[in-house]
Amino acid sequence: MLGNFIVSDDVERSRRFYTEVLGGTTIFDGVPTVVALSNTWIVINAGGGPTDDKPTVTLETPRDPAEGPPSVCAGR
Numbered sequence: 005m006l007g008n009f010i011v012s013d014d015v016e017r018s019r020r021f022y023t024e025v026l027g028g029t030t031i032f033d034g035v036p037t038v039v040a041l042s043n044t045w046i047v048i049n050a051g052g053g054p055t056d057d058k059p060t061v062t063l064e065t066p067r068d069p070a071e072g073p074p075s076v077c078a079g080r
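For what it's worth, our numbering labels the leading residue of the sequence shown as 5, then goes sequentially.
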């Protein structure tokens, strides 16, 4: 099984894409949301500000989609 973590400005819209367009199944609805798609679990979460232990770290969607995480491709 492969797990992917996605940061989204609209978690519900992202969940609908992975379930309605790509055919995934919602495992956990809310924030975060978990969608099962084939042998992959996709965790979709909203961003967040700094925490006490990491005051300089902010989790947010990429400003430029080309700077997002790399795609993972697996063949048989």
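All residues carry an ideal CB built from backbone N, CA and C; glycine is no exception.
Since the model is a prediction, treat every value here as computed from it, not as a measurement.
Bounds of the alpha helix (DSSP H) holding Val15 are Val15 to Arg20. Under DSSP, Gly7 takes part in a beta bridge, and its partners are Trp45.
Within the same chain, Cβ atoms closer than 6 Å to the Cβ of Val47 are found at Phe9, Pro36 and Val38, the five residues on either side in sequence being excluded. Counting along the chain, the unbroken beta strand (DSSP E) around Thr29 starts and ends at Thr29 to Phe32.
The three-state reading of DSSP puts Val38 in strand, counting E and B together. In the DSSP secondary-structure assignment, Gly51 is not bridged to any residue.
Each of Asp68, Asn49 and Asn43 was checked against the Cα of Gly7, and the nearest Cα belongs to Asn43.
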